[in-house]
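Chains as they are written, first to last, in our numbering: chain A, 6 to 118; chain B, 229 to 535. No residue lacks a Cβ here, since even glycine has one placed at the ideal position from N, Cα and C. Since we're looking at a predicted model, the values are computed, not measured. Below you'll find the structure, written out as structure tokens, and then a few comments.
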């Protein structure tokens, strides 16, 4: 499977984990994706979702990021969304998610917060 | 089925075009304040009827012809009136759309034997108005109500559920009033497909997404159309069939002393409303939410000197 066929790539695990999303995140979301990302939240204090390279993230994936954020919050952990572009911001706003996602301009800012 | 559409705003136009391609529509009778806006569109649709599965006829009528044409309809869909725009909320439209209905619709449909679907906002109050002043039966009149919110909720919840569900496979709905107060119902025993297992905060986000959807009309008038049009078609299809499809249309609460209309799951068929479901009120949260909807309706009616 090529990089363009994958919605995200998980960078080598560390204390915090970074999930770098693809340029176009419009892939069909599978139970495997859901379980993999759910598992990351369970195992790490901070999951950084880097969408700085994403020109488009479908509403389906944005809602799932919200679900991950709620799960993390309930566990006393964090999901940080880094580098949200204008296009994705507008979609998030229309969906009413903008105020609910923890947004940061950079990975450093997300870690430092 | 012979369907009438009254109104030629964004919703009315989209609905007429959509109805022309349905299998259950045989005739479309399109009523508008004036013929100017609809005559060319009628010709447009006529020129495409070769591809329509069932529709054989579409005719335009000015409003002063409405009384005459209504009697030949099986279903009349009302979309006329002032739409939501700017800072106005749906309830703000009641005084002006009430006058529109009293002036034109009530005289035209008194004694009508067919089914009426109200889409004009505020839909719950407009449905009540016709029920009381056009002297039609509870079975004949319904408002589109939370059919739209239910569709939006299912689309949103489908994204939150694992495995991801198509909107049509989600078993959840919204009841109450077609405004910010509508209430989420996640039926028991439906398993994953209801979303009942989701974190309450996630369910609330889905609800907020549904409520916010109406604001999109301020960005782009047409970006909120699809569930309204498809919801209206779903109701029309239910009237055309005998299956008793259940949809959350706005109908009179028989226990309400003020003839309040709001959405509950109703079985719909050729005679209109076959039954009104109230099982969801066994949930105290749902019951409290619906009571709040009733309070809001009464507040608007009091402000309009109707209570």
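Judged by DSSP secondary structure, residue 92 of chain A falls within the alpha helix (DSSP H) whose first and last residues are 91-99. Residue state for residue 469 of chain B is assigned as coil, using DSSP reduced to three classes. DSSP places residue 43 of chain A within a helical segment (H, G or I) once states are collapsed to three. Taking the Cα positions, residue 466 of chain B is about 28 Å away from residue 519 of chain B. Membership of residue 354 of chain B in the alpha helix (DSSP H) is indicated by the continuous run 351-361.
The beta carbon of residue 235 of chain B lies closer than 6 Å to those of 307 and 308 in the same chain, with the five residues before and after it left out. For residue 305 of chain B against residue 532 of chain B, the beta-carbon gap comes to about 25 Å, at or over 8 Å, which does not count as contact.
According to DSSP, residue 85 of chain A shares a beta bridge with A:53. Secondary-structure assignment with DSSP links residue 504 of chain B through a beta bridge to B:494. Shortest Cα-Cα distance from residue 378 of chain B to any of B:504, B:354, B:404 and B:342 involves B:404.
Here residue 288 of chain B carries a strand assignment [DSSP, helix/strand/coil]. Judged by DSSP secondary structure, residue 433 of chain B falls within the alpha helix (DSSP H) whose first and last residues are 428-441. Cβ-Cβ separation between residue 60 of chain A and residue 16 of chain A: approximately 20 Å, too far for a contact (criterion under 8 Å). Among the CB atoms of chain B, none fall inside 8 Å of the CB of residue 26 of chain A. Counting only residues of its own chain and dropping the five nearest sequence neighbours on each side, residue 362 of chain B has a CB closer than 6 Å to the CB of 334, 337 and 338. Close partners of residue 436 of chain B in chain A (Cβ separation under 8 Å): 101. About 20 Å separates the Cβ atoms of residue 97 of chain A and residue 51 of chain A, ruling out a contact at the 8 Å cut-off.
The segment 417-433 of chain B and the segment 510-519 of chain B do not touch, with fewer than three beta-carbon pairs separated by less than 8 Å. Exclusion of the five residues before and after residue 255 of chain B leaves 230 and 285 as the residues of its chain whose Cβ lies within less than 6 Å of its Cβ.
Note: residue 234 of chain B is bridge-paired with B:259 and B:306 in the DSSP secondary-structure output. A direct Cα-Cα distance of roughly 6 Å separates residue 313 of chain B from residue 446 of chain B.
When the beta-carbon positions are compared, residue 382 of chain B and residue 400 of chain B come within less than 8 Å of each other. The beta carbon of residue 71 of chain A falls within 8 Å of a beta carbon belonging to chain B, placing the residue at that interface.
CA-CA distance, residue 456 of chain B to residue 376 of chain B, rounds to 6 Å.
Cβ neighbours of residue 287 of chain B within its own chain (closer than 6 Å, five residues either side excluded): 257. Relative to residue 344 of chain B, the option among B:323, B:516, B:366 and B:328 whose CA is nearest is B:366. Of all residues in the segment 427-458 of chain B, only 427, 429, 430, 433, 436, 437, 440 and 444 place a beta-carbon less than 7 Å from a beta-carbon of chain A.
The closest CA to that of residue 528 of chain B, considering only B:320, B:242, B:298 and B:384, is found on B:320. Around the beta carbon of residue 324 of chain B, a 10 Å sphere encloses fewer than 16 other beta carbons of the protein chains shown; the residue is thus reported as exposed.
Closest in alpha carbon position to residue 407 of chain B, among B:491, B:263 and B:482, is B:491.
In chain order, 441, 442, 444 and 445 place their CB closer than 7 Å to the CB of residue 452 of chain B, counting only its own chain and leaving out the 5 sequence neighbours on each side. In chain order, 387 and 392 make up the part of chain B whose C-beta sits under 8 Å from the C-beta of residue 65 of chain A.
The continuous stretches of beta strand (DSSP E) do not include residue 279 of chain B, and DSSP gives it neither H nor E.
At a cut-off of 8 Å between beta carbons, residue 105 of chain A contacts chain B.
Cβ contact annotation for residue 261 of chain B (same chain, cutoff 6 Å, sequence separation greater than five): 291, in chain order.
In this structure, residue 434 of chain B places its C-beta atom within 8 Å of the C-beta atom of residue 385 of chain B.
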